[in-house]
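K.L.:
Encoded as structure tokens, here's the structure I'll be asking about.
In full-length UniProt numbering, the protein residues as written are 1 to 429.
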């Protein structure tokens, strides 16, 4: 988003009024909420799998040792999207989380903020994010994902038709400076398609690491090309390029919006495209494409495979429709077993809950992230409505069942957790 675009980005009165209403009600809606403004919008966000305990400064003093076990840190991976107005970067953030925030509040006095028309703590708990690392990046950061077996290995998809692989430990930690560092960081490995000379300048938004086979990643571009790379087998020391091990190109060159491996399988993955098709691929088969099914009259933007029920997939399209399928019905009509029409605009991301496999999250250009329980007749469980423009991505925490991170076109990054009054029935399971 360029400065000119930023000036033209208009948040209407209706949206601003809804935001104020939402903000006043946040104490009743959330157990945890941290809203943060980024310099540039982000298209991508992901929680790292690690957690560390520690202390954090609160006002002018540090938390006492007796409270230190009440605080832990999670890390977030995200990337900037400046549309060429700045050097884009992959960033790793540290997120402080209080298991019980009330234990760390120091209420000496309350100050009245006339602009916000509300009372505030004179010394509030410092729960803002800290930038741990910044890796300057060539081109847009369309999507970043770490390798599940080795989270220090990070793959980034850009608008230049290839993937860049970074080894996080080979890059320096972030240090605040009056002069912004604009030098590009060295890429450890480029993943390039050797079959096509027409990939330069092609956006890639669809990437996914294989959960079963270390070092294997699949990507798909907006010109319809799908590439599989086996870094572990094909990487040669002193060479910075790895070519594809497997390649597929649909005849219509329809853009592929999302792609995901079946989590319990090392050879099957599914993809969705702008023509409204769901495709299932098997890397062991010579024909490659196992099945292709038209699920929507408009583009399908996201697909999510249930981590506990791998034959169950969810798709979200540009009309805001969510459909859930059982892919064991391949070869038949494969009608959806469940449909949701709660989002009013285009779906941008879908993700099943990593533990409660009946819970599905979705984000949308309608400014919201919504959580659904497919076992309930009234499926909507919770709606996060704190963003003022479209939400691009969200992710579930690995250490707190109901903590979510979400990023939006309004340059905001939110980390939030619905009130326990909404989620407590799941804790007994």
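Idealized CB from N, CA, C, for every residue including glycine. This one's a predicted model, so the numbers in the text were calculated from it and none came from an experiment.
1) By the three-class DSSP mapping on this structure, what secondary structure does residue 355 have?
2) What do you get for residue 341, buried or exposed, if any count of 16 or more other CB atoms within 10 angstroms of its CB means buried?
3) Among the residues of its own chain, which have a CB less than 7 Å from the CB of residue 345, if the five just before and after it don't count?
4) Using a Cβ distance threshold of 8 Å, determine whether the region 295-305 contacts the region 348-356, with at least three qualifying pairs required.
5) Starting from residue 209, trace the beta strand (DSSP E) in both directions and tell me its first and last residue.
6) Can you list, in chain order, the residues of its chain with a C-beta nearer than 6 Å to that of residue 13? Leave out the 5 residues immediately preceding and following it.
7) Between the Cα of residue 396 and those of 355, 296, 386, spot the shortest distance and give me the residue it belongs to.
8) For residue 129 and residue 191, what's the separation of their Cα atoms in angstroms?
9) Based on Cα-Cα distance, which residue from 403, 80, 386 lies nearest to residue 16?
10) Below 8 Å on the Cβ atoms is my contact criterion, and I expect residue 93 with residue 39 to pass it. Report the Cβ-Cβ distance as a whole number of Å.
11) Taking its Cβ as the centre, do 16 or more other Cβ atoms sit within 10 Å of residue 333, making it buried, or is it exposed?
12) Go to residue 133, then tell me how far its beta strand (DSSP E) extends in each direction, as first and last residue.
13) Once DSSP output is grouped into helix, strand and coil, what is the label at residue 182?
14) In chain order, what residues of the same chain have a beta carbon less than 7 Å from the beta carbon of residue 260, not counting five sequence neighbours either side?
15) Identify which residue in 273, 421, 307, 153 has its Cα closest to the Cα of residue 264.
16) Could you pull the start and end residues of the alpha helix (DSSP H) that residue 231 belongs to?
17) Pop quiz: residue 87 and residue 74 are said to be a contact at Cβ under 8 Å. What is the actual Cβ separation, rounded to whole angstroms?
18) Residue range of the alpha helix (DSSP H) that residue 15 falls in?
19) For a quick check, are the C-beta atoms of residue 273 and residue 257 less than 8 Å apart?
20) May I ask you to report which of helix, strand or coil DSSP gives residue 376?
21) Using the Cα positions of residue 336 and residue 358, report the straight-line distance between them to the nearest angstrom.
22) Give the secondary structure of residue 7 by DSSP, where H, G and I count as helix, E and B as strand, and everything else as coil.
23) Kindly give me the distance between the Cβ atoms of residue 165 and residue 187, rounded to whole angstroms, as I take these residues to be in contact under 8 Å.
24) In this structure, how does DSSP classify residue 255 when only helix, strand and coil are distinguished?
25) Could you say which of 309, 37, 338, 176 lies nearest to residue 316 if we only look at CA atoms?
26) If you run the structure through DSSP and keep just helix, strand and coil, what is residue 301?
27) Between the Cα of residue 22 and the Cα atoms of 329, 145, 384, 80, which residue gives the shortest distance?
28) Just the Cα atoms here: how many angstroms apart are residue 45 and residue 141?
29) Anyone know if the C-beta pair for residue 211 and residue 148 falls short of 8 Å?
30) Mind checking which residues open and close the beta strand (DSSP E) that includes residue 424?
31) Contact between the region 23-37 and the region 370-379 is defined here as three or more beta-carbon pairs at a separation below 8 Å; is this criterion met?
32) Residues in the same chain with beta-carbon distance under 7 Å from residue 134, minus the five sequence neighbours each way, listed in chain order, please.
P.N.:
Quick answer:
1) The count along the chain shown starts at 1 and reaches residue 355 at position 355. In the structure shown, residue 355 sits in coil (DSSP, three-state: anything other than H, G, I, E or B).
2) Counted from its first residue, the chain shown places residue 341 at position 341. A residue is called buried when at least 16 other Cβ atoms come within 10 angstroms of its Cβ; residue 341 does not meet this threshold and is exposed.
3) In the chain shown, residue 345 corresponds to position 345, counting from 1. 320, 364, 365, 366.
4) Put simply, the region 295-305 touches the region 348-356. At least three CB pairs are less than 8 Å apart.
5) Against the chain shown, residue 209 aligns to sequence position 209. Run containing residue 209: 204-209, per the beta strand (DSSP E) assignment.
6) One-based indexing of the chain shown puts residue 13 at position 13. Here the set comprises nothing.
7) Working through the chain shown from its first residue, we reach residue 396 at position 396. Residue 355 holds the alpha-carbon nearest to the alpha-carbon of residue 396 among 355, 296, 386.
8) In the chain shown, counting from the first residue as 1, residue 129 sits at position 129. In the chain shown, counting from the first residue as 1, residue 191 sits at position 191. For residue 129 and residue 191, the distance between alpha carbons rounds to 32 Å.
9) Translated into positions along the chain shown, residue 16 becomes position 16. With distances taken between Cα atoms, residue 16 lies closest to 386.
10) As a first step, residue 93 is located in the chain shown; it is residue number 93 there, counting from the start. As a first step, residue 39 is located in the chain shown; it is residue number 39 there, counting from the start. Not a contact, Cβ separation roughly 13 Å.
11) What you label residue 333 is simply residue 333 of the chain shown in a count that begins at 1. Within a 10 Å sphere around the beta-carbon of residue 333 sit fewer than 16 other beta-carbons, which makes this residue exposed.
12) Your numbering for residue 133 matches position 133 in the chain shown. From DSSP, the beta strand (DSSP E) with residue 133 extends over 130-136.
13) Along the chain shown, one-based indexing puts residue 182 at 182. If DSSP states are grouped into helix, strand and coil, residue 182 belongs with coil.
14) Stepping through the chain shown from its first residue, residue 260 is reached at position 260. For residue 260, where only same-chain residues beyond five positions count, the Cβ hits under 7 Å are 208, 269, 270, 303, 304, 305.
15) One-based indexing of the chain shown puts residue 264 at position 264. Comparing Cα-Cα distances from residue 264 to each of 273, 421, 307, 153, the minimum goes to 307.
16) On the chain shown, residue 231 is found 231 positions in, with the first residue counted as 1. Taken as a continuous stretch (DSSP letters only), the alpha helix (DSSP H) holding residue 231 covers 231-234.
17) Mapped onto the chain shown, residue 87 falls at position 87. Mapped onto the chain shown, residue 74 falls at position 74. Actually they do not touch by this definition, with Cβ atoms about 27 Å apart.
18) Position 15 of the chain shown, counted from the start, is the residue given in the question as residue 15. That run of the alpha helix (DSSP H) goes 13-29.
19) Here residue 273 corresponds to residue number 273 of the chain shown, with the count starting at 1. Here residue 257 corresponds to residue number 257 of the chain shown, with the count starting at 1. A contact, by the Cβ cut-off of 8 Å.
20) Stepping through the chain shown from its first residue, residue 376 is reached at position 376. DSSP places residue 376 in coil when its eight states are reduced to three.
21) Taking the chain shown and counting its residues from 1, the one referred to as residue 336 is at position 336. Taking the chain shown and counting its residues from 1, the one referred to as residue 358 is at position 358. About 15 Å.
22) To locate residue 7, count along the chain shown from 1; it is residue 7. Here residue 7 scores only 41 on pLDDT, less than 50, and its place in the model should not be relied on; the value that follows carries that caveat. When DSSP states are grouped into helix, strand and coil, residue 7 belongs to the helix group.
23) Here residue 165 corresponds to residue number 165 of the chain shown, with the count starting at 1. Here residue 187 corresponds to residue number 187 of the chain shown, with the count starting at 1. That belief holds up - the Cβ atoms of residue 165 and residue 187 are roughly 7 Å apart, short of 8 Å.
24) Taking the chain shown and counting its residues from 1, one reaches residue 255 at position 255. Reduced to three states, the DSSP call for residue 255 is coil.
25) Locating residue 316 in the chain shown gives position 316, where the first residue counts as 1. Nearest option by C-alpha distance: 338.
26) Walking along the chain shown from the start, residue 301 turns up at place 301. Of the three classes helix, strand and coil, the one that applies to residue 301 here is strand, per DSSP.
27) Position 22 of the chain shown, counted from the start, is the residue given in the question as residue 22. Nearest to residue 22 by C-alpha distance, out of 329, 145, 384, 80, is 384.
28) Here residue 45 corresponds to residue number 45 of the chain shown, with the count starting at 1. Here residue 141 corresponds to residue number 141 of the chain shown, with the count starting at 1. Spanning the alpha carbons of residue 45 and residue 141 requires a straight line of approximately 11 Å.
29) Locating residue 211 in the chain shown gives position 211, counting from the first residue. Locating residue 148 in the chain shown gives position 148, counting from the first residue. Against a cut-off of 8 Å, the Cβ pair of residue 148 and residue 211 comes out as a contact.
30) Walking along the chain shown from the start, residue 424 turns up at place 424. Taken as a continuous stretch (DSSP letters only), residue 424 belongs to no beta strand (DSSP E), being part of the alpha helix (DSSP H) at 420-427.
31) With the rule of 3 Cβ pairs closer than 8 Å, the region 23-37 does not count as touching the region 370-379.
32) For the purposes of this step, residue 134 is taken as residue 134 along the chain shown, with counting starting at 1. Spatial neighbours of residue 134 in its own chain (CB-CB distance under 7 Å, excluding positions within 5 residues in sequence) are listed in chain order as 89, 91, 174.
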